[in-house]
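Heads up, the thing below is written out as structure tokens.
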Amino acid sequence: MFLDKIEELNDVKKLSDKELAPLAEEIRSFLIQNIAKTGGHLASNLGVVDLTIALHRTLDLPKDHIVWDVGHQCYTHKILSGRKEQFATLRQYKGLSGFPKREEDAVDSFDTGHSSNSISAGMGFVAARNLRHSDEKVVVVIGDGAMTGGIAFEALNNAAMVQGNFIIVLNDNKMSISENVGGMSAQLSRLRTGDFYQGLKRTVYDSLERVPGVGEPMIRTIRKTKNGLKQLLIPGMFFEEMGITYLGPVDGHNIHKMIKTFQEAKKVDGPVLVHVVTTKGKGYDVAMRHPARFHSTGAFDIATGLGKKGKPGYTDVFSTVIKKMGARNEKVVAITAAMEDGTGLKRFHNCYPERFFDVGIAEQHAVTFAAGLAVSGFIPVFAVYSSFLQRGFDEVAQDVCMQNLHVVFAIDRAGLVGNDGPTHHGVFDLAYLTILPNMTVMAPKNIWELSDMLKFAIAHDGPIALRYPRGEAYDGEKEHRAPIALGKGEVLRRGEKVCLLALGAMVKIAVSVADALLEKGTEITVVNLRFAKPLDYELIREMAKTHGHLVTMEDHVIQGGVGMTIADFLRKEMENVHLHHVGISDTFVEQGSVPQLYKECGMDEESVTALVENILETL
């Protein structure tokens, strides 16, 4: 009923104070109903409904700015800014983005998708405001998990020099993606549970109890006040020492208290942090019990919370094999950056807790932490999403490769990942890893090869990475399982005239193209490269001598990928070779299902078949 009144930005300001809580409940119901159909980030969005209403009620949007850290919790923001009717297309091809998108709406101040950068971006907005001598408010919303990222601390350290009002909203839900770890989360807990605070609270209560007739009512009043003595004690304990005014903690599900607090925050001349305590998954019992599972979910049944069960994915295969390797070799240790479930390390953690390390959202630290373990004789396996590993590139280069350390990078979500869009596609890792001396890079064609490559990586001596895609794992071509040898590919189909040089996930498509053409009477060659570095130059040279046309295929940007490396090699080696590239052009690919995006990029079976047929017609 109240949600029907929200048709455009600032309609929430037309509602009465009493209508805000019912509006929040309607929005939660709307989110559950819609995300159950489309999939999306559910738990985090349910947790910030009230917070978002309070911000929209308080700020002058779009004149004022909100920067959402990571951005996955922006759904209510999109609803309140008039995009409710587009939610059926959330995260779908050509549909509503699951993250803030400046080109989508002016009220989305800054495109986000990765963690911990909001304070830095917000400070940029503040500096620009001051240079223009304007008066807009700048608010950033950052979770306690994102506060573990190094860039967040860098920005906090710099924030004291901010001139004029700058509001940092700390959304403290005690969860990031996996359960929070590290000093920042522990500090926030200590602020609530420290001995000094608890001891002083007992002293105050004991003293009040001795006051006849007055003590007991005063104690009841204190206990009724949410967070009571905390609000007196916390401000000077952490953020204030950094030169940041502290307000809170505030109940993140009490809209009126938050509105009042934000009004106070707007009056502060300088940086001010508003500490808001929320519950991830609020309003949906299953998500509250399993917030990590509902961080990002596919379509699901609302009654049970269960989604459609598909075939095992590459992450599942990795999970099984790394656990076995942990049993065989006590030197194997596993590292994650707050992605224990997503990267498949939960089973390893359960079996070998002393050899499992969750460092929080801190990829730079994770890489150098792994380097320290490697120097000390252990074999660290850092399981990380491709798009997140790029945050630690300098450490990979300086701390791992320069010392030629045996660190294994298990790169999940390599290639086009689908509905999360350009911030999450893992299409740059080959470009930045293969340029590094001492680095070895592999990509499996199927589940069997992933298993063999992980075993090879753990036995290897030096930096080594294996990249594998999101989604259901390919289990075909199991008859082709030659032992993994450094820098050696394999021939899967033998033909003539055209050779497909495929890497990783593209092998499945290459084989399908070859088999489809075979049914039409045409035989072409398919090579599984296996290694992006070192490439099998001997095999590539042989294919170039026996085929007039070579087609490189990779789930990666063409620029800087294996295709360009092969082109450079062939240009020096021989002249009469026609080389074609299948991959991603010089662009950021938007959201959609992987098949839709493959088709858009000319990487699907139909497109590659058409390319090969066009080549054959010219011969």
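In case it helps, the numbering used here puts the sequence shown at residues 1 to 619. Built from N, CA and C at the ideal position, the CB exists for glycine as well.
Taking the Cβ atoms as the reference, V169 lies roughly 7 Å from V140, within the contact range of under 8 Å. Secondary-structure assignment with DSSP links F382 through a beta bridge to I335 and F409. For the set P249, V551, V498 and V286, the Cα lying nearest the Cα of A303 is the one of V286. DSSP places G124 in the uninterrupted alpha helix (DSSP H) bounded by S118 to R132.
Under DSSP, the beta-bridge partners assigned to G313 are E472. For R571, the enclosing alpha helix (DSSP H) covers residues V562 to E573.
Three or more Cβ pairs drawn from the region 292-306 and the region 24-38 lie within less than 8 Å of each other, which places the two stretches in contact. Taking D536 as the centre and dropping the five residues before and after it, the same chain places the C-beta of G487, K488, G489 and L529 closer than 7 Å to its C-beta, in chain order.
The beta carbons of G150 and Q364 sit closer together than 7 Å.
In the structure shown, M543 adopts helical secondary structure according to DSSP, grouped into three states. Per the DSSP secondary-structure output, Y246 pairs in a beta bridge with L273. Judged by their CB atoms, V321 and S120 are not nearer to each other than the 7 Å cut-off. Per DSSP, the continuous alpha helix (DSSP H) segment holding C351 begins and ends at K346 to C351. The alpha-carbon of N419 is positioned some 20 Å away from that of E605. From the listed residues R470, E330 and I361, the smallest Cα separation to P353 is found for E330.
When C-alpha distances from A159 are compared across V138, H547 and A414, the shortest belongs to V138. With fewer than 16 other Cβ atoms from the protein chains shown falling within 10 Å of its own Cβ, H133 counts as exposed. Exposed is the label assigned to V375, since fewer than 16 other Cβ atoms lie within 10 Å of its Cβ. The Cβ atoms of G98 and R91 lie closer than 7 Å to each other. For M553, the enclosing beta strand (DSSP E) has its first and last residue at H549 to V557.
Per the coordinates, the alpha-carbon of A544 lies some 15 Å from the alpha-carbon of R493.
In the three-state reduction of the DSSP assignment, R102 falls in the coil class, being assigned neither a helical nor a strand state. The three-state secondary structure of N419, taken from DSSP, is coil. Counting of Cβ neighbours within 10 angstroms places G360 among the buried residues, the total reaching 16 or more. Judged by their CB atoms, T609 and V491 are not nearer to each other than the 7 Å cut-off. M288 and A43 have their C-alpha atoms roughly 7 Å apart. For R28, the uninterrupted alpha helix (DSSP H) run begins and ends at L20 to T38, by DSSP. When only Cα atoms are considered, L517 and L500 end up about 13 Å apart.
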